[in-house]
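Residue numbers (this note's numbering): 189 to 317.
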């Protein structure tokens, strides 16, 4: 159970690394956010979600209850902002020069995998706490 929790923490660490540049660009260009409500909502949700990734990583590595609760709070926002646990696989078509079709397939896999992660997180949480 602890190893699964640490694996989820590792996935969140990868998300932090991949989002760091985007997070910094948003912070330095806050006045350039488009006027569209959806764009503003994504930015507003991304900022606290990025910070909460650090909390979930710490909690999951230490196998503490707050790590699981933080992930539960993050879950719906992850779906809206498209920050998936295995979202890094969507970079494969770009790296391997595959077509746009592969991105769509991998994106759907990320979406489904996030629900599997939620299921296993709940299962670990119930059995451990």
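All C-beta atoms, glycine included, are put in the ideal place defined by N, C-alpha and C. Model, not experiment: these values are computed from the prediction.
- Annotation: the segment 255-301 contains the following complete segments of the alpha helix (DSSP H) (minimum length 4 residues), in chain order: 280-283.
- Comparing C-alpha distances from residue 298 to each of 306, 193, 250 and 272 shows the shortest one belongs to 272.
- Judged by DSSP secondary structure, residue 210 falls within the alpha helix (DSSP H) whose first and last residues are 190-216.
- Burial state of residue 289 is exposed, judged by a 10 Å Cβ sphere holding fewer than 16 other Cβ atoms.
- The DSSP-derived three-state label of residue 317 is coil.
- Taken through DSSP and simplified to helix, strand or coil, residue 304 comes out as helix.
- Cα atoms of residue 245 and residue 222: separation of roughly 31 Å, rounded to the nearest angstrom.
- In terms of CA proximity to residue 307, 260 leads the group 255, 266, 208 and 260.
- Inter-residue distance for residue 254 and residue 219 is about 34 Å (C-alpha atoms, whole angstroms).
- Between residue 251 and residue 193, the gap from beta carbon to beta carbon is short of 8 Å.
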